[in-house]
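Residue numbers (full-length UniProt numbering): 1 to 367.
Glycine is no exception: its CB is placed at the ideal position from the N, C-alpha and C atoms.
Below you'll find the structure, written out as C-alpha cells, and then a few comments.
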Amino acid sequence: MTGIRLDAVSKVYGGRHLAVDNVSLDVPAGEVMVLLGPSGCGKTTLLRMIAGLEELTGGDLWLGGSCATDLSPKDRGVAMVFQNGALYPNRTARENIMFPLRMAGEDVAEARTKAAGLAKILGIDKTLDRLPGTLSGGQRQRVAIGRAIVRQPRIFLMDEPLSNLDATMRTELRQEIGAMVRDLNVTTVYVTHDQIEALTLADRIAVMRDGRIEDVGTPTQVFNNPATAFTAGFLGAPRINLMSATIQVTAHHRVSLDLGAQTISLPPTDRRSMILSRHDGVHVIVGARSDAFTPTVERGDSDQLLGTLRTLEFHGNQWIAFVDCGVEMLNPDLVGPRTRPPHDVTQTRHAAPRRSTLTSLARLLLR
Ligand code: ATP
Numbered sequence: 001m002t003g004i005r006l007d008a009v010s011k012v013y014g015g016r017h018l019a020v021d022n023v024s025l026d027v028p029a030g031e032v033m034v035l036l037g038p039s040g041c042g043k044t045t046l047l048r049m050i051a052g053l054e055e056l057t058g059g060d061l062w063l064g065g066s067c068a069t070d071l072s073p074k075d076r077g078v079a080m081v082f083q084n085g086a087l088y089p090n091r092t093a094r095e096n097i098m099f100p101l102r103m104a105g106e107d108v109a110e111a112r113t114k115a116a117g118l119a120k121i122l123g124i125d126k127t128l129d130r131l132p133g134t135l136s137g138g139q140r141q142r143v144a145i146g147r148a149i150v151r152q153p154r155i156f157l158m159d160e161p162l163s164n165l166d167a168t169m170r171t172e173l174r175q176e177i178g179a180m181v182r183d184l185n186v187t188t189v190y191v192t193h194d195q196i197e198a199l200t201l202a203d204r205i206a207v208m209r210d211g212r213i214e215d216v217g218t219p220t221q222v223f224n225n226p227a228t229a230f231t232a233g234f235l236g237a238p239r240i241n242l243m244s245a246t247i248q249v250t251a252h253h254r255v256s257l258d259l260g261a262q263t264i265s266l267p268p269t270d271r272r273s274m275i276l277s278r279h280d281g282v283h284v285i286v287g288a289r290s291d292a293f294t295p296t297v298e299r300g301d302s303d304q305l306l307g308t309l310r311t312l313e314f315h316g317n318q319w320i321a322f323v324d325c326g327v328e329m330l331n332p333d334l335v336g337p338r339t340r341p342p343h344d345v346t347q348t349r350h351a352a353p354r355r356s357t358l359t360s361l362a363r364l365l366l367r
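This is the structure we're talking about:
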C-alpha cells in the first residue's frame, strides 16, 4: 500500500499563472482524500501532478516513501479516471476492462476472471458484452472505472467522474465508488466541486481555494469546525450565515457579540464565554447554519436575534425562512477569493479548543 506526500508543491503555467501554490499534503496509504473547491482552484492540476501528467514547478512528490517528482507516469503505479472516461468504441465493455491486463501480457482467462469480478462490484456484469455506444453514460463511466482499476494500481485518481451524469445515476455510482475503493483498500484522490460527493466519499477532505489548501480534515471536522470562513461558506446547503461581529466583555466577564444593529449575549455559564472573554474588542466572523435557529414569536432573553420574516421557501423536506435582522450578512464573495475579512474565524479558533466551533457557538447564541 502506497501513501502520497506533497511537499511544498507548486505549479506555474506559462511562466506566470500560479495554479498550485506551495501545497503540502499527506495522504496515508488506503485513505480516500477528496480535493474540494470551486472551479479553477487547482484541483485537477494537483491531481495531474500526482499522476505525472504535469511537471512540478516547485516542491517534491513522494509515493510510498520514495521521491517520485521525476518518475515517469507509467512507473508510478497510478490509474486515473476522467470526467469522460474515453473507451475504445469498437471493443465491448469486457474487452475495454481487460485491455490493460492484456497489454501487460496477462492471459485471456485470467483477465476475463478479473474483469468479471470488477464488473460485479460495479454493477455492470450484465452489460459486459455490449459496445460502449449502446451503454448509458453511467454504465460507460463504470466501465472506465473498471478499466482504470483492473491492474490494481497503487494509487487511484478520479477527476469529477460523476459530473456528466444525471442526479439519480450520480447518487448510485457515488455509492458504488465508495464501496469499491473501500473494498479494494486503494489510496484514492478524488476531485470534485460537489460537497455531497466530498462529504459522503471522503475519509478526509482538502478544501482548496486559489491554488492553496484552505482546510483539511474529516468530513465532520471541516463541516462542524471549519478552519476559515471560506470553508464554512463552501460547505452546507442552505449556505451558512456569516455575520461580522465584535466581542464585548463586561466588567463581570459577561460576553456579548456586537453585530452592529443588534447585540446578543452568551450565557455566562457556557465555557465558550470564558474563552471569548479574553478577546474583548476583537473583530470576528460568526457563522450560524440555518438549523441553528429556533424561530419563535415570544420575546425572550438577550440571546435572541430579532428579525422580520421576509420569505419562506419550501425545499421539499424543509422550509427555509429568510429573516431580515438588520444585521449585515457577509456576502459569500467577500469571504471568498482575494478579500479576507479583518479577522478571520481562524483567529477565534486559535484561541479556543477545537470543540468550540463557530457553528455551535452560533447555535448556543441563537437557540
Ligand atoms: P475545474 O473544477 O473547473 O476543473 P480546477 O479546480 O480543477 O477547476 P485547474 O483545472 O487545476 O482547476 O486549473 C487551475 C488554474 O490553472 C485555472 O486558473 C486554469 O485556468 C489554469 N490552468 C489549468 N491548466 C492550464 C494550462 N494547461 N495552461 C494554462 N493555465 C492552466
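Beta strand (DSSP E) segment containing residue i, residue limits
| i | result |
| --- | --- |
| K11 | I4 to Y13 |
| M329 | Unbroken run through M329: none, as it is neither H nor E. |
| L63 | G58 to L63 |
| A68 | Per DSSP, A68 belongs to no beta strand (DSSP E) and is neither H nor E. |
| A79 | V78 to V81 |
| D159 | I155 to D159 |
| V32 | V32 to L36 |
DSSP three-state assignment for residue i, whether helix, strand or coil
| i | result |
| --- | --- |
| Q248 | strand |
| T187 | strand |
| R310 | strand |
| N22 | strand |
| I97 | helix |
| H17 | strand |
| I177 | helix |
| G105 | coil |
| T269 | coil |
| R204 | strand |
| F223 | helix |
| M1 | coil |
| T171 | helix |
| G281 | coil |
| D291 | helix |
| E214 | strand |
| I275 | helix |
| D324 | strand |
| D303 | coil |
| L165 | coil |
| L334 | Only weak support is given to the placement of L334: the predicted model assigns it a pLDDT of 46, under 50, and the question is left unresolved by the model. |
| L128 | coil |
| D194 | coil |
| I240 | coil |
| R209 | strand |
| T263 | strand |
Assumed close pair residue i, residue j - CB separation to whole angstroms, cut-off 8 Å
| i | j | result |
| --- | --- | --- |
| A93 | T127 | 6 Å |
| P100 | R147 | 6 Å |
| R212 | V23 | 7 Å |
| I264 | S302 | 6 Å |
| V286 | A245 | 5 Å |
| G77 | P153 | 5 Å |
| E31 | D215 | E31 to D215, Cβ: 16 Å. No contact. |
| K43 | V191 | 4 Å |
| M80 | L157 | 4 Å |
| G64 | T2 | 4 Å |
| V34 | A288 | Actually they are not in contact, since the Cβ atoms of V34 and A288 sit about 25 Å apart, beyond 8 Å. |
Close-in-space but distant-in-sequence residues of the same chain around residue i (CB under 7 Å, 5 per side omitted)
| i | result |
| --- | --- |
| T346 | Here the model assigns T346 a pLDDT of 34, short of 50, so the residue's position is not dependable, and the following value carries that caveat. Same-chain partners within the cutoff: A227 and T228. |
| R48 | E54 |
| residue 373 | As displayed, the chain neither begins before 1 nor continues past 367, which places residue 373 out of reach and without an answer. |
| V327 | M243, L259, G260, A261 and Q262 |
| T69 | L56, D60 and L61 |
Contacting residues, own chain, Cβ-Cβ under 6 Å from residue i (five flanking each side not counted)
| i | result |
| --- | --- |
| F322 | R310 and T311 |
| R151 | P100 |
| E106 | none |
| D21 | S10, G211 and R212 |
Span of the alpha helix (DSSP H) around residue i
| i | result |
| --- | --- |
| G138 | G137 to I149 |
| F234 | A229 to F234 |
| V255 | Unbroken run through V255 is the beta strand (DSSP E), V255 to D258; no alpha helix (DSSP H). |
| A86 | That residue, A86, is in no alpha helix (DSSP H); it is neither H nor E in DSSP. |
| A51 | K43 to A51 |
Residues near residue i in its chain [Cβ-Cβ closer than 8 Å; skip 5 each side]
| i | result |
| --- | --- |
| Y88 | E95, N96, F99 and P132 |
| H193 | L36, G37, P38, S39, K43 and E160 |
| D280 | I247, Q248 and V249 |
(request) When you get a sec, list the residues whose CB is within less than 6 Å of any heavy atom of the ligand ATP, chain order please. (result) Y13, G14, H17, A19, G37, S39, G40, C41, G42, K43, T44, T45 and H193
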